[in-house]
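A.B. asks: Structure in structure tokens, see below.
Protein chains in written order, with UniProt numbering: chain A, 1 to 328; chain B, 1 to 328.
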């Protein structure tokens with residue numbers, strides 16, 4: 001995978017295209033019980049972690065993924081106190097979850113202990129900053145097994161998995177989503193890495209259908225990220241409650257959090273659900289509730305101006321009526 | 001640039017990273033008076049055009065760029081009748097402009113005649129479909145020279161240039177924007193290829209400042225596109241009129257046009273201006289008018305609900321007052 005000083009991604013899931021990064025130095029290379037692990041220092045993207053030949057993170061753009069997969073579900077929920085992270089061994093999602101002061105309990109279920117070890121060794125300045133948070137319980141287990149006997153425990157579940165080829169395969173099935181739903185509280189929200197609409201629109205449609213069998217509210221959002229295949233990746237958002245408009249954040253980031261964010265904002269949250277037409281046509285068939293995808297500017301709509309006009313006219317009439325009544 | 005059956009982009013403007021496409025067959029390779037031209041059939045992205053080693057279009061994703069650079073300015077304008085295309089030799093922007101029935105006059109100023117010839121030869125099923133449109137005047141000239149003596153001629157100007165290294169260098173200067181403004185009607189709108197915020201945020205800030213010296217309304221939008229460096233590219237939007245909110249489309253696509261679109265919609269138009277925080281912080285300093293970047297869902301805001309309530313209350317009072325007045 002490294003040739004002439006360049007790392008290139010293997011292309012099982014994206015044939016005919018490749019993203020390459022110039023390598024300054026290979027830091028760690030080996031195989032865990034589950035996957036090949038590679039850490040290298042890149043020329044222009046900082047430290048890089050690749051699993052089974054696929055880039056999981058670079059220090060230059062990781063926040064685009066970590067912030068969006070975390071803060072979309074966390075801000076779509078009015079008060080998330082208990083959070084389950086599935087996968088996420090590099091610690092990036094954990095870092096973002098820990099930034100929410102209201103969170104009291106975090107369970108992280110990462111099947112591969114070696115990914116956590118390597119993250120803490122080589123990414124302690126970027127993603128792996130919160131493994132010592134006292135709210136965290138870290139488990140190394142198959143998440144599909146772990147959630148089987150859990151009931152109504154979590155407000156937010158974040159499934160930060162690799163692609164559905166390899167150890168993460170079971171994390172994209174209706175069975176897994178059923179177990180997850182059982183483990184989630186009423187009004188809880190789940191966010192799953194949802195592949196790229198430019199590459200896997202059919203798969204996205206299928207997995208969204210799995211989700212819809214299980215969750216009454218389902219939607220799809222995306223983020224841009226240069227070092228993921230085709231430069232972006234999507235998220236499946238689901239709620240255990242019906243009629244939850246996931247694209248409308250229930251909260252805005254606290255000022256202290258907002259100052260730390262490099263990608264997420266309330267406006268970005270809403271815009272992430274606005275899909276290019278070719279993808280919108282597929283997602284619109286599955287999305288629940290069936291709202292059209294609308295993104296408006298700050299200019300008040302004619303509707304608002306009209307209703308304001310009505311309000312003023314109505315008030316004037318009301319005041320006039322009141323005056324008349326007084327006169328009598 | 002082609003090695004072992006793979007084409008890789010040269011990396012002058014994006015060091016340490018490369019996008020590669022698998023090549024099935026080289027179709028045409030040579031040098032015009034202005035640049036190296038390469039046409040190849042890729043394994044999974046259809047036919048590809050590269051200029052000076054940089055991918056200009058692939059048949060699989062070109063519409064993401066062509067639709068957005070064209071329909072954002074065309075729909076931000078209430079009634080575009082005369083359009084200037086600067087560059088755009090592959091014909092993609094021309095194809096999209098021609099889809100607007102209201103357009104009466106199109107001038108296209110592409111410095112390199114050979115790009116137009118090659119597009120018509122090898123891309124006649126994708127981008128080069130409208131070179132015979134009777135509304136078109138095709139010129140092969142330096143656009144910076146061409147616009148110098150034009151005054152108030154165009155409603156929309158689309159600058160579909162390559163990067164500011166090579167023949168397109170003059171198309172990113174304040175001088176060029178001054179000439180363009182002179183060539184534009186009152187309330188006209190200009191859209192310029194605006195580089196990628198992940199790679200060239202500093203350059204974007206500088207060029208936006210050039211624009212602001214010249215145009216009273218300035219903003220920045222982006223599109224996702226897998227085969228451009230880092231998977232996206234931006235657009236500089238400017239109006240000759242003050243206080244034009246470019247992110248609010250003045251029109252929605254006609255039904256016949258909407259059916260042809262694969263990327264653009266009114267919602268996508270508005271969302272394209274919602275930037276990740278790291279870019280928003282830079283663009284917000286320059287943007288005119290100084291609106292916050294807000295993207296809302298279809299859920300009516302409390303403001304709207306309140307004013308609707310006021311309207312209804314006001315109306316009820318008004319009706320009551322009317323009834324009382326009649327009784328007297």
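Heads up, the beta-carbon is just placed ideally off N, CA and C, and yes, glycines get one too. Everything numeric in this text was worked out from a predicted model, so none of it was measured.
With a cut-off of 8 angstroms on the beta carbons, I'd call residue 137 of chain A and residue 97 of chain A a contact; round off their distance for me.
C.D. replies: The Cβ separation is near 13 angstroms, so there is no contact.
A.B. asks: In angstroms with no decimal places, state the Cα-to-Cα distance between residue 198 of chain B and residue 188 of chain A.
C.D. replies: Cα to Cα, the separation comes out at about 34 angstroms.
A.B. asks: Three-state secondary structure (DSSP) at residue 177 of chain A?
C.D. replies: Note: residue 177 of chain A maps to helix in three-state DSSP.
A.B. asks: Smallest Cα separation from residue 166 of chain A: which of A:32, A:16 and A:190?
C.D. replies: Of the candidates A:32, A:16 and A:190, the one whose C-alpha sits nearest the C-alpha of residue 166 of chain A is A:32.
A.B. asks: Hey, does residue 65 of chain A have any beta-carbon neighbour from chain B nearer than 8 angstroms?
C.D. replies: It does not; no Cβ of chain B falls within 8 angstroms.
A.B. asks: Does the stretch 85-105 of chain A come into contact with the stretch 11-31 of chain A, if we say contact requires no fewer than three beta-carbon pairs (one atom in each stretch) closer than 8 angstroms?
C.D. replies: Too few Cβ pairs lie closer than 8 angstroms, so no.
A.B. asks: In this structure, how does DSSP classify residue 95 of chain A when only helix, strand and coil are distinguished?
C.D. replies: In the structure shown, residue 95 of chain A sits in a helix (DSSP, three-state: H, G or I).
A.B. asks: Does the beta carbon of residue 264 of chain A sit closer than 8 angstroms to a beta carbon anywhere in chain B?
C.D. replies: By this cut-off, residue 264 of chain A is an interface position.
A.B. asks: Applying the 10 Å Cβ sphere with the 16-neighbour rule, what's the burial state of residue 7 of chain B?
C.D. replies: With 16 or more other Cβ atoms within 10 Å, it is buried.
A.B. asks: Excluding the 5 residues flanking residue 306 of chain A on each side, which residues of the same chain have their C-beta closer than 6 angstroms to its C-beta?
C.D. replies: Note that residue 306 of chain A scores 49 on pLDDT, short of 50, meaning its location in the model is unreliable and no value can be drawn from it.
A.B. asks: Starting from residue 223 of chain B and walking both ways along the beta strand (DSSP E), at which residues does that stretch end?
C.D. replies: That run of the beta strand (DSSP E) goes 217-224.
A.B. asks: Please compile the residues from chain A whose C-beta is within a distance smaller than 8 angstroms of the C-beta of residue 194 of chain B.
C.D. replies: Simply none; closest approach about 15 angstroms.
A.B. asks: If you run the structure through DSSP and keep just helix, strand and coil, what is residue 5 of chain B?
C.D. replies: Residue 5 of chain B falls in the coil class under three-state DSSP.
A.B. asks: Express the C-alpha separation of residue 240 of chain A and residue 157 of chain A in angstroms, rounding to a whole number.
C.D. replies: For residue 157 of chain A and residue 240 of chain A, the distance between alpha carbons rounds to 11 angstroms.
A.B. asks: Is the CB of residue 240 of chain A under 8 angstroms away from at least one CB in chain B?
C.D. replies: Chain B, which has no Cβ nearer than 8 angstroms to the Cβ of residue 240 of chain A, makes this no.
A.B. asks: Give the interface partners of residue 15 of chain B over in chain A, defined as CB-CB distance under 8 angstroms, in chain order.
C.D. replies: Within chain A, the residues near residue 15 of chain B are 22, 43 and 44.
A.B. asks: Are any of the Cβ atoms in chain A nearer than 8 angstroms to that of residue 47 of chain B?
C.D. replies: Chain A contact via Cβ: absent.
A.B. asks: According to DSSP, simplified to helix, strand and coil, what is residue 302 of chain B?
C.D. replies: Because residue 302 of chain B carries a pLDDT of 43, less than 50, the predicted location of this residue cannot be relied on, and no value is offered for it.
A.B. asks: Hey, residue 147 of chain B and residue 183 of chain B: beta-carbon distance below 8 angstroms or not?
C.D. replies: Yes, Cβ-Cβ distance for residue 147 of chain B and residue 183 of chain B is below 8 angstroms.
A.B. asks: Using the C-alpha atoms, what's the distance from residue 216 of chain B back to residue 121 of chain B?
C.D. replies: Looking at the two C-alpha atoms, the distance is approximately 41 angstroms.
A.B. asks: For residue 57 of chain A, decide whether its Cβ has a neighbour in chain B, counting only Cβ atoms nearer than 8 angstroms.
C.D. replies: Taking Cβ atoms only, chain B never reaches closer than 8 angstroms to residue 57 of chain A, which makes this a no.
A.B. asks: Using a beta-carbon distance cut-off of less than 7 angstroms, what residues from the stretch 185-211 of chain A approach chain B?
C.D. replies: Against chain B - using a Cβ distance shorter than 7 angstroms - the residues of the stretch 185-211 of chain A are 198.
A.B. asks: Determine which residues share a DSSP beta bridge with residue 31 of chain B and list them.
C.D. replies: In DSSP, residue 31 of chain B forms a bridge with B:36.
A.B. asks: Can you check whether the C-beta of residue 276 of chain A is within less than 8 angstroms of a C-beta belonging to chain B?
C.D. replies: So yes, residue 276 of chain A belongs to the interface.
A.B. asks: DSSP beta-bridge partners for residue 154 of chain A?
C.D. replies: Paired residues: A:184.
A.B. asks: Does chain B have any CB closer than 8 angstroms to the CB of residue 26 of chain A?
C.D. replies: It does not; no Cβ of chain B falls within 8 angstroms.
A.B. asks: Please determine, among A:208, A:79, A:87 and A:134, the residue with the shortest C-alpha to C-alpha distance to residue 330 of chain A.
C.D. replies: Residue coverage of chain A in this structure runs from 1 to 328, which leaves residue 330 of chain A outside it and unanswerable.
A.B. asks: Does the beta carbon of residue 73 of chain A sit closer than 8 angstroms to a beta carbon anywhere in chain B?
C.D. replies: Chain B, which has no Cβ nearer than 8 angstroms to the Cβ of residue 73 of chain A, makes this no.
A.B. asks: What number of angstroms, rounded off, separates the C-alpha of residue 273 of chain A from the C-alpha of residue 222 of chain B?
C.D. replies: Approximately 15 angstroms, taken between the alpha carbons.
A.B. asks: Alpha carbons only, please: which of B:47, B:57 and B:201 is nearest the one belonging to residue 282 of chain B?
C.D. replies: Checked all of B:47, B:57 and B:201; the closest Cα to residue 282 of chain B is B:201.
A.B. asks: For the stretch 225-239 of chain A, enumerate the residues whose C-beta is nearer than 7 angstroms to any C-beta of chain B, in chain order.
C.D. replies: Those residues of the stretch 225-239 of chain A that come within reach of chain B (Cβ to Cβ, closer than 7 angstroms) are 226, 230, 231 and 232.
A.B. asks: I need the straight-line Cα distance from residue 190 of chain A to residue 139 of chain B, nearest angstrom please.
C.D. replies: Taking the straight line joining both Cα atoms gives about 55 angstroms.
A.B. asks: Contact check, residue 193 of chain A vs residue 69 of chain A under 8 angstroms by CB: the rounded distance?
C.D. replies: Indeed, because the Cβ distance is near 7 angstroms, the residues count as touching under 8 angstroms.
A.B. asks: Helix, strand or coil for residue 131 of chain B per DSSP?
C.D. replies: The answer is coil: DSSP assigns residue 131 of chain B none of H, G, I, E or B.
A.B. asks: Could you tell me whether the Cβ of residue 219 of chain B comes closer than 8 angstroms to any Cβ of chain A?
C.D. replies: So no, residue 219 of chain B is outside the interface.
A.B. asks: Interface residues of chain B around residue 261 of chain A at Cβ under 8 angstroms?
C.D. replies: Under the 8 angstroms cutoff, chain B gives 277.
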